[in-house]
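**Student:** Note that my numbering gives residue 22 to position 20 of the sequence shown, counting from 1, and the numbers run on in steps of one.
For reference, the structure I am asking about is given below.
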Amino acid sequence: MLKTLDLRNMTDVELENKIHSLMEELFKLRFEKRTGRVEKPHKLKIARKDLARALTILKEKKGERSK
3 MLKTLDLRNM TDVELENKIH SLMEELFKLR FEKRTGRVEK PHKLKIARKD
53 LARALTILKE KKGERSK
């Protein structure tokens with residue numbers, strides 16, 4: 003699970019790269035769930051929340067710059 007403080011300390015480029023990797027991880031977990039090979043189903047929930055957290059922080063950062 004990602005810490006909010008760690009995400010806030012990242013640059014925009016690092017944050018976008020992290021979001022991309024989280025999207026890939028979520029895709030893989032969804033695929034495993036569909037094929038019935040997922041070992042730890044709770045990881046799907048954690049990945050979804052981490053992605054939402056990262057996207058929210060990126061939006062906040064972009065909103066602060068536009069002011």
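Glycine included, each C-beta is placed from N, C-alpha and C at the ideal position.
Expressed to the nearest angstrom, what Euclidean distance is found between the alpha-carbon atoms of THR37 and ARG55?
**Tutor:** 27 Å
**Student:** Give me the residue from THR13, LYS5, THR6, LEU4 with the minimum Cα distance to ARG70.
**Tutor:** In the structure as shown, the chain begins at 3 and stops at 69. Residue 70 is therefore absent and cannot be evaluated.
**Student:** Going by the beta-carbon positions, is the gap between ILE59 and LEU7 smaller than 8 Å?
**Tutor:** no
**Student:** For ASN11, report the span of its alpha helix (DSSP H) as first-last.
**Tutor:** Run containing ASN11: none; DSSP gives neither H nor E here.
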